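In my numbering, the protein residues as written are 8 to 171.
Right, here's the structure in full:
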């Protein structure tokens, strides 16, 4: 892959990546942008080693997913930047949430999911990733991905029925 191909692929994946990170960060668009920038920088620094064993988007989302969990680990260690539960926050603006998430009840329901369920649900439904892609991004076996999808859907259903 050359630099021009890398730039073209990043341009295609940049907004879905930011949207994914923004929802993982509980609507904190600034933190999501920081994490997206970190992920894109890491991808740029290593794009010559991209072997094409997976789709570029899968590789990039895996880097971003790792950046998110690295941030959480740093926050837990030094407690200087706590990442509060997403269900306690509201999105900063519509930059992080597309039309599928403008309805506050759904946004709050997604925020109430465990981080793993949230990541799997977002990748599957919002970013149209396959089970195989999610397996590569998260490092979970496909059966575990399916379990988190099933539980996540059930938790969303239960949450939305409770508030209606």
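The beta-carbon is built from N, C-alpha and C at its ideal position, and this holds for glycine as well. A quick note: this is a predicted structure, and the numbers were derived from the prediction, not measured.
Thinking just about the alpha-carbon of each residue, which of 161, 36, 75 and 9 is nearest to the one in residue 117?
Here residue 117 refers to the residue found at position 110 when the chain shown is read from its first residue. Ranking 161, 36, 75 and 9 by Cα distance to residue 117 puts 161 first.
To the nearest angstrom, report how far apart residue 122 and residue 11 are at their CA atoms.
For the purposes of this step, residue 122 is identified with residue 115 of the chain shown, where counting begins at 1. For the purposes of this step, residue 11 is identified with residue 4 of the chain shown, where counting begins at 1. The alpha-carbon atoms of residue 122 and residue 11 are separated by roughly 34 angstroms.
I'd like to know if the region 21-34 and the region 61-73 are in contact, where contact means that at least 3 CB-CB pairs between them fall below 8 angstroms.
Flag = yes, the region 21-34 and the region 61-73 touch.
How would you call residue 170, buried or exposed, if buried means at least 16 neighbouring beta carbons within 10 angstroms?
Position 163 of the chain shown, counted from the first residue, corresponds to residue 170. It is exposed - the Cβ of residue 170 has fewer than 16 other Cβ atoms within 10 Å.
Quick check on residue 23: does DSSP put it in helix, strand or coil?
For this step, residue 23 is matched to residue 16 along the chain shown. Helix.
At which residues does the alpha helix (DSSP H) containing residue 72 begin and terminate?
Indexing the chain shown from 1 puts residue 72 at position 65. 63-85 is the span of the alpha helix (DSSP H), which, as asked, contains residue 72.
Work out the CA separation of residue 43 and residue 63 for me, nearest whole Å.
The residue given as residue 63 occupies position 56 in the chain shown. The residue given as residue 43 occupies position 36 in the chain shown. For residue 63 and residue 43, the distance between alpha carbons rounds to 15 angstroms.
Answer yes or no: do residue 166 and residue 126 have a C-beta to C-beta separation smaller than 8 angstroms?
Numbered from 1 along the chain shown, position 159 holds the residue referred to as residue 166. Numbered from 1 along the chain shown, position 119 holds the residue referred to as residue 126. No, Cβ-Cβ distance for residue 166 and residue 126 is not below 8 angstroms.
Once DSSP output is grouped into helix, strand and coil, what is the label at residue 156?
Stepping through the chain shown from its first residue, residue 156 is reached at position 149. Residue state, collapsed to three classes: helix.
Secondary structure at residue 165, three-state DSSP: helix, strand or coil?
Translated into the one-based positions of the chain shown, residue 165 becomes position 158. If DSSP states are grouped into helix, strand and coil, residue 165 belongs with the helices.
For residue 28, which residues in the same chain have their Cβ closer than 7 angstroms to its Cβ, ignoring the five residues on either side in sequence?
Indexing the chain shown from 1 puts residue 28 at position 21. Counting only Cβ-Cβ distances below 7 angstroms, and skipping sequence neighbours, we find 39, 42, 43, 71 and 75.
Grab me the residues of residue 20's own chain with a C-beta within less than 6 angstroms of its C-beta, minus the 5 sequence neighbours each way, in chain order.
On the chain shown, residue 20 is found 13 positions in, with the first residue counted as 1. Only 64 and 67 meet the Cβ criterion.
Enumerate in chain order the residues of its own chain whose CB-to-CB distance from residue 112 is below 7 angstroms, with the five nearest sequence positions on each side excluded.
Here residue 112 refers to the residue found at position 105 when the chain shown is read from its first residue. Closer than 7 angstroms at the Cβ level, and outside the excluded window around residue 112, lie 167 and 170.
Run the CB neighbour count on residue 16, radius 10 Å, all protein chains shown included, and call it buried at 16 or more, exposed below.
As a working note, residue 16 is residue 9 in the chain shown. That one is buried.
In three-state terms, what does DSSP make of residue 139?
Residue numbering aside, residue 139 sits at position 132 when the chain shown is read from its first letter. Of the three classes helix, strand and coil, the one that applies to residue 139 here is helix, per DSSP.
Beta-carbon separation of residue 115 and residue 57 under 8 angstroms?
One-based indexing of the chain shown puts residue 115 at position 108. One-based indexing of the chain shown puts residue 57 at position 50. Result no, Cβ atoms of residue 115 and residue 57 do not sit closer than 8 angstroms.
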